[in-house]
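Start counting the sequence shown at 10; every next residue gets the next number (the working numbering).
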Amino acid sequence: MTDKAYRGIAYDDPVVQAQFEQLVQRVRDAEAARAPIAARHRRAEDDDDGAYDASDPQYIAANNAIAAAQHAVDAFLSTHRNYTMI
């Protein structure tokens with residue numbers, strides 16, 4: 010799941026909407042931070058086992074950061090259920 014899963018969600022309360030957008034931005038930021046790591050990881054997977062092994066913990070950490078950001082958004086949505094889809 011990417012930040013695309015959260016598109017179209019809107020709250021009437023601008024404060025709640027702003028909080029939601031901040032959480033979704035954390036997902037975007039984590040995905041952007043993972044992009045260069047993922048590219049290195051793919052290259053290393055094809056080319057060099059040593060480089061792959063070295064990049065694997067970074068790639069896992071980047072994926073975990075995305076998952077944590079997504080969990081925060083999901084928890085927010087569970088708490089603030091009065092959203093609409095636009």
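Every residue gets a Cβ at the ideal spot worked out from N, C-alpha and C, and that includes glycine.
Of the residues the options, the one placed nearest residue i, counting alpha carbons only
i, options, result
"A14", "A78, A27, D56", "A78"
"N72", "A84, P23, V36, G17", "V36"
"D65", "A47, A76, H89, V25", "A47"
"H50", "Y68, A39, Q34", "Y68"
"D38", "T11, T93, R90", "T11"
"V33", "Q26, V82, G17, I95", "V82"
Boundaries (first-last residue) of the alpha helix (DSSP H) holding residue i
i, result
"D5", "Summary: the structure shown does not reach residue 5, with the chain confined to residues 10 through 95, and so no result is reported for it."
Three-state secondary structure assigned by DSSP to residue i
i, result
"T11", "coil"
Buried or exposed (CB count within 10 angstroms, at least 16 for buried), residue i
i, result
"H80", "exposed"
"I95", "exposed"
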